[in-house]
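Going line by line, the protein sequences match chains L and D.
For the first sequence, our numbering gives the first residue as 56, with consecutive numbering after it.
For the second sequence, our numbering gives the first residue as 56, with consecutive numbering after it.
There are 2 protein chains.
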Amino acid sequence: MILTTPNGMDSDTDQPAGPNEPRLSRASAGRLSLYLRSLESFRREGLGKLSSGQLGESLGVSDAQVRKDLACLGHLGQPGIGYSTNELIDAIRRALGIDREWKAVLVGVGNLARALLRYRGFQQQGFRLVALCDNDAAKVGTTIEGLRVESLDDLTAVVRKTGAELAILTVPAEAAQAVVDRLAATGIRGLLNFAPAALKVPHGVNLVTVDLTVQLEQLAFLVQWSAPER
Amino acid sequence: MILTTPNGMDSDTDQPAGPNEPRLSRASAGRLSLYLRSLESFRREGLGKLSSGQLGESLGVSDAQVRKDLACLGHLGQPGIGYSTNELIDAIRRALGIDREWKAVLVGVGNLARALLRYRGFQQQGFRLVALCDNDAAKVGTTIEGLRVESLDDLTAVVRKTGAELAILTVPAEAAQAVVDRLAATGIRGLLNFAPAALKVPHGVNLVTVDLTVQLEQLAFLVQWSAPER
DNA sequence: GGATGTGAACGACTTCACAGCG
DNA sequence: CGCTGTGAAGTCGTTCACATCC
Numbered sequence: 056m057i058l059t060t061p062n063g064m065d066s067d068t069d070q071p072a073g074p075n076e077p078r079l080s081r082a083s084a085g086r087l088s089l090y091l092r093s094l095e096s097f098r099r100e101g102l103g104k105l106s107s108g109q110l111g112e113s114l115g116v117s118d119a120q121v122r123k124d125l126a127c128l129g130h131l132g133q134p135g136i137g138y139s140t141n142e143l144i145d146a147i148r149r150a151l152g153i154d155r156e157w158k159a160v161l162v163g164v165g166n167l168a169r170a171l172l173r174y175r176g177f178q179q180q181g182f183r184l185v186a187l188c189d190n191d192a193a194k195v196g197t198t199i200e201g202l203r204v205e206s207l208d209d210l211t212a213v214v215r216k217t218g219a220e221l222a223i224l225t226v227p228a229e230a231a232q233a234v235v236d237r238l239a240a241t242g243i244r245g246l247l248n249f250a251p252a253a254l255k256v257p258h259g260v261n262l263v264t265v266d267l268t269v270q271l272e273q274l275a276f277l278v279q280w281s282a283p284e285r
Numbered sequence: 056m057i058l059t060t061p062n063g064m065d066s067d068t069d070q071p072a073g074p075n076e077p078r079l080s081r082a083s084a085g086r087l088s089l090y091l092r093s094l095e096s097f098r099r100e101g102l103g104k105l106s107s108g109q110l111g112e113s114l115g116v117s118d119a120q121v122r123k124d125l126a127c128l129g130h131l132g133q134p135g136i137g138y139s140t141n142e143l144i145d146a147i148r149r150a151l152g153i154d155r156e157w158k159a160v161l162v163g164v165g166n167l168a169r170a171l172l173r174y175r176g177f178q179q180q181g182f183r184l185v186a187l188c189d190n191d192a193a194k195v196g197t198t199i200e201g202l203r204v205e206s207l208d209d210l211t212a213v214v215r216k217t218g219a220e221l222a223i224l225t226v227p228a229e230a231a232q233a234v235v236d237r238l239a240a241t242g243i244r245g246l247l248n249f250a251p252a253a254l255k256v257p258h259g260v261n262l263v264t265v266d267l268t269v270q271l272e273q274l275a276f277l278v279q280w281s282a283p284e285r
């Protein structure tokens, strides 16, 4: 499988062209995650089969869009019948690369980090937080949710020992780039960044940034220019 | 100003067509937030003027893209010179509707809520958390960061008294839809949802969902299908 | 009949390229 | 000359419509 690489904005995932299977755009990948969430919910309700229309409706996506997205994963649907919930879930997890466990190290032990540590949703999707790092000497050595806080200086050792491939950044914006550079040097392959900063990552390291302020601003924008006049 | 309404996916911001100023796509709006972050950083460094190239480079956006985005805000650039940092910041804040204070009520007092409460970035961008609600009787009446936790049953009164227009949802996925319905009834106009659930909002209420698991999945996807074979 | 898979049409967004201004 | 603003061209993604299969 190969993914299409439209505009950049973050990450620098250059695609070193593999075999020419049907391409999976990043937009599709984003929706696949959502389909997965819906499908799991449908499965809990005991629904074994569903149509593109049903799946789409729950998310506000057109049936055609759903079929297009799913078509990339192979011939999973049966005309006249629909898709098997279980097969879809498996196929999507495979396509997203989450049909296995991913280990992540959490860098920056603040309130957000604590919240993420206690969040069960990550585990459920196969993400495991295996280590904690911070440069605050007062925090190093303390234990949170069963994990000992390690020094930032030991980053390389920690990554190597735990085998973490991903890192979650919950450090202040000013410190973020420096931490990224150190993380890149450890061979980490993916970064989930919560700092409100535009980060540069070297080739081969993937970056996804979640800027909560940006999300709030988008919301304000929508509200501001939507219906009822004020 | 009026915004273009491409595909839905979340929110239901129907655009009741206003005067035909240059349109601001949602994609552009997302970038404007990022420009803003960069511009503030440039300003802190004392940079009074900059070009579309400089601004774009810091974010991995082409200079042409930056100019196109900024062109919607009026004639701000001077050929041969560039843009004024201050003017740009003001114009973007106006365009995004954040040239004023937005009050928000936080519903669901868990770890994430605590992290958000302590996060200073919101205040800095003009977002103020003015109230806290939870349906857990054990939490009601306690105080966090100077805010008293109110009962969910008092939601309407709380919203009315504080004048909150936005709500931030940090409740479990199962509870989310019910809370949304109650919030919608209070006349809230925007929702920032952190629950991993596909929510339905009535007409006139705007929704932005931040699903942290989705973001991690995107990252796994990128790493999985990027360079170095494993 | 009911639902999939898919080319073709369409629309939105991005990049290109250049005229025009400071 | 440098940089903006902008039509034109190009690319990407979504919707339509229908042949096809159960």
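All residues carry an ideal CB built from backbone N, CA and C; glycine is no exception.
| Excluding five sequence neighbours on each side, which residues of the same chain lie with their C-beta closer than 8 Å to the C-beta of residue 114 of chain L? | 86, 89, 90, 93
| query | Based on the DSSP secondary-structure assignment, which residues constitute the bridge partners of residue 228 of chain L? | reply | DSSP output for residue 228 of chain L lists no bridge partner at all.
| message | Give me the chain D residues within the contact set of residue 109 of chain L, using Cβ-Cβ distance strictly less than 9 Å, ordered along the chain. | response | Those do not exist, as residue 109 of chain L stays about 12 Å from chain D at its closest Cβ, beyond 9 Å.
| field | residue 138 of chain L to residue 146 of chain L span [Cα, whole Å] | value | 11 Å
| query | Does the distance from the C-beta atom of residue 186 of chain D to that of residue 160 of chain D stay below 7 Å? | reply | yes
| task | At 8 Å on the CB atoms, spell out the chain L contacts of residue 142 of chain D, in chain order. | result | Simply none; closest approach about 19 Å.
| the stretch 183-199 of chain L: positions lying closer than 8 Å to chain D by Cβ | none
| said: As an exercise, report each continuous beta strand (DSSP E) stretch of at least 3 residues that is fully enclosed by the stretch 188-229 of chain D, in chain order. | reply: 202-206, 221-224
| request: Pull up the distance between the alpha-carbon of residue 270 of chain L and that of residue 251 of chain L, whole angstroms please. | output: 11 Å
| message | Counting only Cβ pairs nearer than 7 Å, list the residues of chain D close to residue 113 of chain L. | response | 253
| field | Cβ-based burial, residue 132 of chain D [other Cβ within 10 Å; buried from 16] | value | buried
| query | Who are the near neighbours of residue 265 of chain D in its chain, counting only those whose CB is closer than 6 Å to its CB and skipping five residues on each side? | reply | 249
| field | Distance between beta carbons of residue 243 of chain D and residue 260 of chain D, contact taken as under 8 Å | value | 7 Å
| query | Hey, how far is the Cα of residue 272 of chain L from the Cα of residue 154 of chain D? | reply | 11 Å
| message | Could you check whether the Cβ of residue 272 of chain L sits closer than 7 Å to any Cβ belonging to chain D? | response | yes
| Taking 7 Å as the CB-CB limit, is residue 66 of chain D close to chain L? | Reliability fails at residue 66 of chain D, whose pLDDT of 42 lies under 50, so the model's placement of it is uncertain and the value that follows must be treated cautiously. At least one chain L Cβ lies under 7 Å of residue 66 of chain D.
| field | residue 172 of chain D versus residue 200 of chain D: straight-line alpha-carbon distance, rounded | value | 7 Å
| said: Spatial neighbours of residue 105 of chain D within its chain, please: C-beta separation below 7 Å, excluding the five flanking residues on both sides. | reply: 97, 137, 138, 140
| Cβ neighbours of residue 163 of chain L in the same chain (closer than 7 Å, five flanking residues each side left out) | 189, 224, 225, 226
| task | Using 10 angstroms around the beta-carbon of residue 100 of chain D, count the other beta-carbons present and answer buried if the total reaches 16, otherwise exposed. | result | exposed
| message | In whole angstroms, give me the CA-to-CA distance for residue 184 of chain D and residue 228 of chain D. | response | 22 Å
| message | Considering just the uninterrupted stretch of the beta strand (DSSP E) at residue 245 of chain D, what are its terminal residues? | response | 245-248
| said: For residue 274 of chain D and residue 95 of chain D, I'd like the C-alpha separation in whole angstroms. | reply: 27 Å
| field | Helix, strand or coil at residue 235 of chain D [DSSP, three-state] | value | helix
| said: Rounding to the nearest angstrom, what Cα-Cα distance links residue 253 of chain D and residue 231 of chain D in this structure? | reply: 9 Å
| Whole-number beta carbon distance between residue 256 of chain D and residue 234 of chain D, since they are thought to touch under 8 Å | Not confirmed; about 11 Å, so no contact.
| message | Please return the same chain residues whose Cβ sits closer than 8 Å to the Cβ of residue 124 of chain D, not counting the five positions on each side in sequence. | response | 83, 86, 87, 90
| According to DSSP, residues forming a beta bridge with residue 139 of chain D | D:104
| field | chain L contact residues for residue 177 of chain D, given Cβ-Cβ distances below 8 Å | value | 267, 268, 271
| Residue-level contact to chain L via CB, residue 84 of chain D, 7 Å cutoff | yes
| Which residues of chain L have a Cβ atom closer than 7 Å to the Cβ of residue 276 of chain D, listed in chain order? | 84, 151, 152
| said: Please classify residue 280 of chain D as buried or exposed, where buried requires at least 16 neighbouring CB atoms within 10 angstroms. | reply: buried
| request: Would you tell me roughly how many angstroms separate the C-alpha atoms of residue 246 of chain D and residue 128 of chain D, rounded to the nearest one? | output: 26 Å
| request: Would you decide whether residue 102 of chain L is buried or exposed? Buried here means 16 or more other CB atoms lie within 10 Å of its CB. | output: exposed
| query | By Cβ distance below 8 Å, which residues in the same chain neighbour residue 180 of chain D in space, the five residues on each side in sequence not counted? | reply | 153
| By how many angstroms is the C-alpha of residue 182 of chain D removed from the C-alpha of residue 135 of chain D? | 36 Å
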